[in-house]
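**Student:** For the sequence shown, counting from 1, position 43 maps to 43 in UniProt numbering; every step adds exactly one.
For every residue, glycine included, the Cβ atom is placed at its ideal position computed from N, Cα and C.
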Amino acid sequence: MSADDGNADGRGDDGPEGEMTLVFTLSAARSLADPAAAFADARRWSARVGVVANDTDAVEAFLDRHGLENDYALRDWDKWGTLADVREATDTPRHVFVGTSPEDRRLAETVGWQFRTVREAAGKAEWELGEREPSGSDADAGVVERLRRAVLDRLRK
1 MSADDGNADG RGDDGPEGEM TLVFTLSAAR SLADPAAAFA DARRWSARVG VVANDTDAVE
61 AFLDRHGLEN DYALRDWDKW GTLADVREAT DTPRHVFVGT SPEDRRLAET VGWQFRTVRE
121 AAGKAEWELG EREPSGSDAD AGVVERLRRA VLDRLRK
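#1: Cα separation between ALA108 and ASP41?
#2: Identify the residues that DSSP records as bridge partners of PHE115: which are they?
#3: Taking Cβ positions, are GLY99 and ALA47 nearer each other than 9 angstroms?
#4: Count the other C-beta atoms from every protein chain shown that fall within 10 angstroms of the C-beta of TRP80, then say buried if there are 16 or more, exposed otherwise.
#5: I need the straight-line Cα distance from GLU60 to PHE24, nearest angstrom please.
#6: Tell me THR56's beta-bridge partners as DSSP assigns them.
#7: Take GLY18 and list the residues in its own chain whose beta-carbon comes closer than 7 angstroms to its own, dropping the five residues that flank it on each side.
#8: Nearest by alpha-carbon distance to GLU128: which of LEU26, MET20, LEU22, PHE39 is it?
#9: Leaving out the 5 sequence neighbours to the left and right, which residues in its chain are closer than 6 angstroms to ASP104 when beta-carbon positions are compared?
#10: So the candidates are VAL151, GLN114, ARG87, ARG65; which of them puts its Cα closest to the Cα of VAL96?
#11: Sorted by chain position, which residues of the same chain lie with C-beta nearer than 8 angstroms to ASP34's C-beta, five sequence neighbours on each side aside?
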């Protein structure tokens with residue numbers, strides 16, 4: 001497997017390790033069962049690894065909670081600006097963006113990154129996916145959904 005073959009894991013027999021920059025959306029990173037193990041694994045074959053989101057405070061909280069570090073500085077701008085800046089600042093031949101949505105795919109294609117869904121990347125790298133960690137708004141939605149189900153269950157009895 002070569003560095004040009006489009007695989008998300010970047011592992012290969014034909015070239016040196018560390019030939020890619022790997023960046024996850026916060027949503028994709030939250031989908032990993034063990035983000036610390038996945039990042040440690042990715043660092044074996046990636047020159048740079050990190051997480052981006054439009055909410056830098058949420059990224060920093062996630063990184064702190066899991067004992068992770070971005071290999072680049074977070075700035076108070078959106079994912080678009082961050083990915084463009086990381087691409088410009090790194091000299092790796094491959095830049096892979098791992099996301100979860102069609103918007104993430106459009107972003108990657110627009111700024112010149114290869115895109116992989118978190119399922120594709122996890123499958124190739126043999127990372128386990130878990131239940132996605134809730135963000136603040138997701139957690140609120142979960143409470144509302146549980147209350148709705150409880151009320152509906154009571155009404156059915």
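**Tutor:** Judging by the given coordinates:
#1: 23 angstroms
#2: PHE97
#3: no
#4: exposed
#5: 13 angstroms
#6: Looking at the DSSP assignment, THR56 forms no beta bridge with any residue, so it has no partner.
#7: TRP45, SER46, ALA47
#8: PHE39
#9: THR25
#10: GLN114
#11: TRP127, GLU128, GLY130
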